[in-house]
Amino acid sequence: MIHNRTEANKMKPTTPPCHLAPINLHSPADFAEIHRQRQICGWDHDLPKLESWKRKQDEGLKGFYWLCIPDPAAATAAAAARGENKVVYAGHISLDAYSDPADEELARADRAVLTVQTLFILPAYRGLGLGSRAMDLVEALAATTETQCRWLALTTLSERHYLDESPEGTGVWARTGAEPPVMGCNQWWYARRGYVLWKEEPRWREVGVAGDEVVFYAAFMRKELAGLRGAARRTRSQWPSVPLSSVQCGGSLAWGRCA
Numbered sequence: 001m002i003h004n005r006t007e008a009n010k011m012k013p014t015t016p017p018c019h020l021a022p023i024n025l026h027s028p029a030d031f032a033e034i035h036r037q038r039q040i041c042g043w044d045h046d047l048p049k050l051e052s053w054k055r056k057q058d059e060g061l062k063g064f065y066w067l068c069i070p071d072p073a074a075a076t077a078a079a080a081a082r083g084e085n086k087v088v089y090a091g092h093i094s095l096d097a098y099s100d101p102a103d104e105e106l107a108r109a110d111r112a113v114l115t116v117q118t119l120f121i122l123p124a125y126r127g128l129g130l131g132s133r134a135m136d137l138v139e140a141l142a143a144t145t146e147t148q149c150r151w152l153a154l155t156t157l158s159e160r161h162y163l164d165e166s167p168e169g170t171g172v173w174a175r176t177g178a179e180p181p182v183m184g185c186n187q188w189w190y191a192r193r194g195y196v197l198w199k200e201e202p203r204w205r206e207v208g209v210a211g212d213e214v215v216f217y218a219a220f221m222r223k224e225l226a227g228l229r230g231a232a233r234r235t236r237s238q239w240p241s242v243p244l245s246s247v248q249c250g251g252s253l254a255w256g257r258c259a
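Numbered per full-length UniProt numbering, the sequence shown finishes at 259, counting up by one with no gaps.
The structure is reproduced here in structure tokens:
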């Protein structure tokens, strides 16, 4: 049995080194790549939505970041000897001072409450712990740079769509012709990270296969920054740097399709 556990540990994928890099939606290359990734996500990918995100960046309300990892194709001894440090954008995440629709419990322009939104990991890089690492990095960013912020908040798909066997609960999947997200209930995942539910509301609407409106509920969750700030101070020397001079720190979090 010990041998089996050892072998299982050897087979467990390790999380690659990763860091955040600001997304510049005024850059055609960045805009095209975020459009591509949002299309893969299947949520918030239309051009008017992306243009609205660009405006939020210009207003200083949206901090938008690539999750960067070393390019596996360039990870050779020869490349390392040449000093090449190619990265790939494995996904993205945002830290925002606004929400849509507006909700001051979820995000405030005075930055007392910031919201984590649009977390997405490309399918090729899932199963490596990058979702957790992205949250670690954005929480550390908030704890060390957002001096006015007291709370981090987010929305995610309510657990009712996994537990409540009614047309409005688990029935939404059959009514929309969709399958529940394969990664399971994100509300439970965020709860394990210390986020606490404070309310639940209808948030997303889709047209069902029968032509009716299908309502998905969001769990509103938040986490106080005080504890994170203490942890960030203890580990700041180990935290990968982000070029904050080009960051406008400041969309709802993908509710299962994208994370």
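A virtual CB, placed ideally from N, CA and C, is assigned to each residue, including glycine.
These numbers were taken from a predicted model, which means no experiment stands behind them.
Boundaries of the alpha helix (DSSP H) around E51: 47–58. Counted as a single uninterrupted DSSP element, the alpha helix (DSSP H) harbouring C41 occupies residues 28–41. About 14 Å separates the beta carbons of D30 and T118, which is beyond the 8 Å limit, so they are not a contact pair. S27 is not a Cβ neighbour of K62, given a cutoff of 9 Å. Spanning the alpha carbons of W189 and L114 requires a straight line of approximately 19 Å. Secondary structure of V209 (DSSP, three-state): coil. Where T144 is concerned, the enclosing alpha helix (DSSP H) starts and stops at 130–145. The C-beta distance from R203 to T155 rounds to 6 Å, short enough to meet the 8 Å contact threshold.
The three-state secondary structure of R222, taken from DSSP, is strand. Ranked by Cα distance from D110, the options P101, R55, A97, I121 are led by A97.
Within the same chain, and ignoring the five residues on either side of C149 in sequence, the residues whose Cβ sits closer than 6 Å to its Cβ are R111, L114, A142, L225.
Per the DSSP secondary-structure output, P22 pairs in a beta bridge with Y65.
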